[in-house]
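Taking my numbering, the leading residue of the sequence shown gets 36, the next gets one more, and so forth. C-beta atoms are modelled at their ideal positions from N, C-alpha and C, and glycine is treated no differently. Step one of this worksheet: look at the structure below.
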Amino acid sequence: KTKNLCRILTISLISQALVPVITVIFPFSLIGLFSFATPEIYLSLIDVLGFDVWDVVILTVSFHASLHMTVLMFTTPAFRAKLRTALACYKKVAPASAPTARRG
36 KTKNLCRILT ISLISQALVP VITVIFPFSL IGLFSFATPE IYLSLIDVLG
86 FDVWDVVILT VSFHASLHMT VLMFTTPAFR AKLRTALACY KKVAPASAPT
136 ARRG
């Protein structure tokens, strides 16, 4: 049981650690590489795409907090249980069907 919990929490930790890499470090590294190291490629990329790549980077970075919270909720067992409990409170109960008269 302890090994299983350790495995689950390790996967959760790795998933949480990947979020800033994907949403912050990778976009800024990529934009830094293109805009500062090779400005000609960066400017031609703007011409081809029709928009500045910085806009995409800012959009990606702005999703960091939301994505981190989502990963945290869905990879941690305690948060999943709380989420399941909270969502069960909002589950709509189907109305009971009206009894039909029997002919007999």
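Beta-carbon proximity list for S70, same chain, < 7 angstroms, skipping 5 on both sides: Sequence index remark: in the sequence shown, residue 70 carries index 35 (1-based). So the list reads Y77, once near-sequence residues are dropped.
Drop a sphere of 10 angstroms on the beta-carbon of T37, count the other beta-carbons inside from all chains shown, and report buried for 16 or more, exposed for fewer. Stepping through the sequence shown from its first residue, residue 37 is reached at position 2. Per the 10 Å Cβ criterion, exposed.
How about Q51 and V106: are their beta carbons less than 8 angstroms apart? Within the sequence shown, the letter at position 16 stands for residue 51. Within the sequence shown, the letter at position 71 stands for residue 106. The answer is yes: Cβ separation under 8 angstroms.
Report yes or no: do three or more beta-carbon pairs, one from the stretch 118-126 and one from the stretch 77-90, lie closer than 8 angstroms? no
If you drop the 5 nearest sequence neighbours on each side, which residues of the same chain put their C-beta closer than 7 angstroms to that of Q111? Here residue 111 refers to the residue found at position 76 when the sequence shown is read from its first residue. The question names Gln, but residue 111 in the sequence shown is Thr. Correct list, in chain order: S47.
By the 10 Å Cβ neighbour count, where 16 or more other Cβ atoms means buried, how is T73 classified, buried or exposed? Taking the first residue of the sequence shown as position 1, residue 73 is located at position 38. So T73 ends up on the exposed side.
From R115, L44, L53, L40, pick the residue whose C-alpha is nearest to that of A100; which is it? The residue labelled residue 100 in the question sits at position 65 within the sequence shown. Among R115, L44, L53, L40, the Cα nearest to that of A100 is on L53.
According to DSSP, simplified to helix, strand and coil, what is G67? Within the sequence shown, the letter at position 32 stands for residue 67. Correct three-state label for G67: helix.
Identify the continuous alpha helix (DSSP H) that holds F109 and give its terminal residues. Residue numbering aside, residue 109 sits at position 74 when the sequence shown is read from its first letter. 99-110 is the extent of the alpha helix (DSSP H) around F109.
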